[in-house]
Structure formats: structure tokens, C-alpha cells
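To start, the structure itself, in C-alpha cells.
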Amino acid sequence: LYGVYMAFAFVVHGGAQRLLAAALADARRERREAEQARTTEAAAELAFHAVFDQASVGMLLLTAAGSVERMNDCALSLLATGEAELVGKPLSAASIWSTEQRELLREAVGQAAAGQRSQHELELTQQLGARIIYQLRLSPFRDRAGAVGHVLAELIDLTDLTATRTMLAQAR
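Taking my numbering, I'd label the letters of the sequence shown as residues 12 to 183.
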């Protein structure tokens with residue numbers, strides 16, 4: 012009988028309304044927080060793509076396994092190859108690399124996927140015979156939990172710098 016009395020008193024004194032109001036307030040707060048999180052994530056994604064796409068160096072976003080997920084226009088220009096040859100395939104499998112370079116790329120991507128940064132100098136001879144020297148930087152790209160989900164590859168053209176160094180060395 013006491014339990015019935017307490018339940019009746021709870022209802023009469025507005026307890027049910029207070030519980031309902033509190034539950035609704037919690038639901039609204041959670042919805043606002045979720046919306047704010049989505050907005051923040053969308054802004055971060057937009058900023059990343061803006062920086063990635065407009066970078067003055069070649070950039071490739073690789074999966075942790077080494078497949079090219081996306082690349083910017085500068086990378087396409089520097090590698091002088093089509094997007095179809097690279098996107099969706101392991102970077103090391105592209106026909107532009109020598110056998111030694113393919114092995115180096117496989118190892119370097121594996122190290123980046125394990126959390127280590129690295130940089131390497133690579134030389135390519137393009138179809139028209141132009142010799143291009145690149146610095147390839149590989150960096151782990153971590154998710155919010157700290158796990159490596161992607162590898163960021165940066166290509167920097169060192170051809171002019173290398174030629175200038177050679178001319179200076181010959182002039183001495």
C-alpha cells in the first residue's frame with residue numbers, strides 16, 4: 012500500500028512531468044551535440060580536401076596497405092601518368108617504377124603503416140626521356156583513435172635543385 016501511495020504522490024506532485032522534461036532535455040542536448048560533431052567533422056573534411064587538392068607538391072593518400080585512394084593534380088603532373096593507372100592499386104605496382112623502386116615503396120609504405128615517417132629520393136625517366144628526381148615523403152595518417160588508417164605520400168620535384176648542385180660542383 013505504501014508503494015501505491017508513493018507512486019500516487021509522485022504523479023500528483025509533478026514527478027512524472029519533471030522526469031519527462033528531463034528526458035526531453037537530455038534528448039535535445041544529445042541531438043545538438045551530435046549535430047555539432049557532424050558539422051565539425053564536415054568542416055575538417057572540407058579543410059583537408061582543400062589543402063590536399065591545392066597543395067603545390069604532389070600528394071597521394073594511400074590506404075595502410077599501400078593502395079592509392081586519391082591524388083592531387085600536382086602528383087598526376089609530376090608522375091606523368093594517368094589517374095587510372097594509380098587509383099585503386101598499390102602505389103608500388105605502377106609501371107612507372109623500376110623493380111628496385113617497387114620494393115623500396117613496398118617497404119616504405121609498410122613502415123609508414125607501422126607509424127614511422129620516411130623519405131626517399133627516387134628518379135624516374137618520363138616517356139619523352141626527361142629525367143625527374145623526386146623526394147618522396149611518407150607519413151602515417153592517424154585516425155582520432157590514434158590508429159594508422161592511411162599513409163600520406165608527398166612528392167617534391169628535386170630536379171632543378173639537383174641540376175643546380177651539379178653545376179655548382181662542376182664550377183668549383
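Even glycine gets a Cβ: it sits at the ideal position worked out from N, Cα and C.
No experiment lies behind these values; they were computed from the predicted model shown.
Residue closest to residue i, alpha-carbon to alpha-carbon, out of the options
i, options, result
"Cys-85", "Glu-52, Arg-49 and Ile-167", "Ile-167"
"Ile-143", "Ala-36, Thr-74, Ser-67 and Glu-132", "Glu-132"
"Ala-75", "Pro-151, Ile-107, Arg-128 and Ala-34", "Pro-151"
"Arg-128", "Thr-110, Val-159, Ser-109 and Val-98", "Val-159"
"Gly-77", "Val-98, Ser-106 and Leu-87", "Val-98"
"Glu-165", "Ser-106, Ala-182 and Leu-89", "Leu-89"
"Leu-102", "Gln-181, Phe-59 and Leu-147", "Leu-147"
"Gly-126", "Glu-56, Gly-69 and Asp-154", "Asp-154"
"Ala-66", "Arg-42, Glu-41, Glu-134 and Leu-87", "Leu-87"
Alpha-carbon spacing of residue i relative to residue j, whole angstroms
i, j, result
"Ala-38", "Glu-44", "10 Å"
"Gly-140", "Thr-51", "47 Å"
"Met-82", "Ala-33", "49 Å"
"Lys-100", "Gly-121", "15 Å"
"Glu-96", "Ala-105", "7 Å"
"Ala-91", "Thr-177", "24 Å"
"Arg-49", "Glu-111", "44 Å"
"His-60", "Thr-175", "34 Å"
"Glu-46", "Leu-172", "49 Å"
"Glu-94", "Ala-36", "50 Å"
"Ala-58", "Thr-170", "30 Å"
Close Cβ partners of residue i (< 7 Å) along its chain, the five nearest in sequence each way excluded
i, result
"Leu-115", "His-131"
"Ala-123", "Ser-129, Leu-149, Ser-150, Pro-151 and Val-162"
"Ala-119", "Ser-129, His-131 and Leu-149"
"Leu-179", "none"
"Trp-108", "Leu-116"
"Val-68", "Cys-85, Glu-165, Leu-166 and Ile-167"
DSSP beta-bridge partners of residue i
i, result
"Asp-168", "Tyr-145"
"Gly-69", "Leu-166"
"Glu-46", "Glu-46 pairs with nothing; no bridge assigned."
"Glu-41", "Its beta-bridge partners do not exist; DSSP assigns none."
"Leu-135", "Ile-143"
"Arg-155", "Per DSSP, none; premise fails for Arg-155."
Cutoff 6 Å; reference residue i; Cβ partners in own chain excluding five residues on either side
i, result
"Thr-136", "Arg-142"
Cut-off 8 Å between Cβ atoms - residues of its own chain near residue i, not counting five sequence neighbours on either side
i, result
"Phe-63", "Met-70, Leu-72, Arg-81 and Asn-83"
"Glu-134", "Arg-142, Ile-143, Ile-144 and Tyr-145"
"Val-79", "Leu-71, Leu-72, Leu-73, Leu-97, Val-98, Gly-99, Lys-100, Pro-101 and Leu-102"
Let me know the beta strand (DSSP E) ranges lying completely inside the stretch 50-131, each 3 residues or longer, listed in chain order.
DSSP assignment within the stretch 50-131 yields the following whole beta strand (DSSP E) runs of 3 residues or more, N-terminal first: 69-74 and 79-82.
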